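Heads up, the sequence shown is in the numbering used here, so the first residue is 531 and it goes up one at a time.
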Amino acid sequence: MDIKAYLDELTERINRPSFIEDDPVRFPRRYGELHDIEIVAFLVATIAWGKRPLILRDAERMLLRMGNSPYDYVMSKGYEKLGTANVHRTFFEDDMAYLLRGYRRFYSHYDSMDAYMATCGYPAPQKLVTALRDAALAANSNVPSPVCYSSNLDHSALKRVNLALRWLVRTDGIVDLGVWKSMNPSQLYIPLDVHVGNTSRALGLLTRKSNDWKAVEELTSRLRLFNPADPVIYDFALFGAGIEKIKQKL
C-alpha cells in the first residue's frame, strides 16, 4: 500500500466543511474576536477526550456559562460564580475556574496568546503550555492541578494543546481557522491520542510504544516527509482511519 496516497485520499475525503458540525472545532469558529477564539479553542480542547457526542454536548453547556464573550467573562472574573458541578467526565467547574483564572492573569501580561507565541522559540507547545500553567499556578496560590495541566510537560504528548494549535494555525480555509500569525503550519505537531497512535503503528508510521512526546516527534517527522509545509493535515486521516480497514489493505 502507498501510505502517502492512502493518507492523502482519506484527508481529502474528511477535511471538508461538512466535518465541522460534528467536531469540537465548531465552537471556536463561532467567534470573531481573537481573544474569544483563543479561549474557546484551548478550553474546548481541554475536554476533547472520550465519546464525541458527549464532548459536543458538554462543550456546549460549558460555553453557555460564559455568555456571548468568553474573554469578557474571563476578564470580569465571571468564573468566581462557578461551583463544583461536573462539566465533562473528570473535569468540573472548579477545574474550569482554575484554568480561567490563569487565562485572566496571562491576558493581563500579554495582548494575546498569538502575540506571546511571536516572542517564543520552539517547540511551541511546551512554550505555550508552560506559560499558561505558570499563569494558572500564580493565579491559584501556586496549587498545581493535574486535571488541567500535565505534571510532566517534557514527556507528555500534549494532545490537547496540539489540537488547539491545529485549529488556530492551519490555514487551508476548510475546517481549521488559521487565525494566528505567530506560527505557520509546518511548525505544528500531531495531536496524538490512543486512536491516532494505534492507527499510526498499524500503518508503520510510528514505532514507539508509548504515546509520549518522543512519539509525537517521531510521528510528526514521518508526516513531514509527506507534506513538509503542513504535516498535521494528516490528523484528519489518522483520526478517520479504521484499524481493521488498514489491516485489510496491508
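For each residue, glycine too, the CB sits at the ideal point set by N, CA and C.
None of these values were measured; they are calculated from a predicted model.
Chain-order list of residues whose beta-carbon lies under 7 Å from that of Val677 (same chain, five-residue window excluded)
Thr620, Phe621 and Asp625
Using a Cβ-Cβ cutoff of less than 6 Å, which residues in the same chain neighbour Tyr609 once the five nearest sequence positions on both sides are dropped?
Ala627 and Leu630
Where Asn598 sits in the DSSP three-state scheme
coil
Measure from the alpha carbon of His618 to the alpha carbon of each residue in Thr649, Pro547, His565 and Asp588, then state which is nearest.
Asp588
Going by the DSSP bridge assignment, what does Phe621 pair with across the sheet?
His618
Below 9 Å between beta carbons: does that hold for Phe557 and Tyr633?
no
Taking buried to mean at least 16 other C-beta atoms within 10 Å of its own C-beta, is Pro721 buried or exposed?
buried
Residue of Ala615, Thr576 and Leu540 minimising C-alpha distance to Leu688:
Thr576
Here's the rule: buried if 16 or more other CB atoms are within 10 angstroms of the residue's CB, otherwise exposed. What is Gly727?
buried
My assumption, with CB atoms under 8 Å, is that Leu537 sits in contact with Ala732. Please give the rounded CB distance.
No, Leu537 and Ala732 are not in contact; Cβ-Cβ is about 12 Å, not under 8 Å.
When you compare the CB positions of Ala762 and Leu753, do they come within less than 9 Å of one another, or not?
Inspection of the sequence shows that residue 762 is occupied by Val rather than by Ala. Yes, these two residues count as a Cβ contact at 9 Å.
Counting along the chain, where does the alpha helix (DSSP H) carrying Asp664 start and finish?
Ala654 to Ala669
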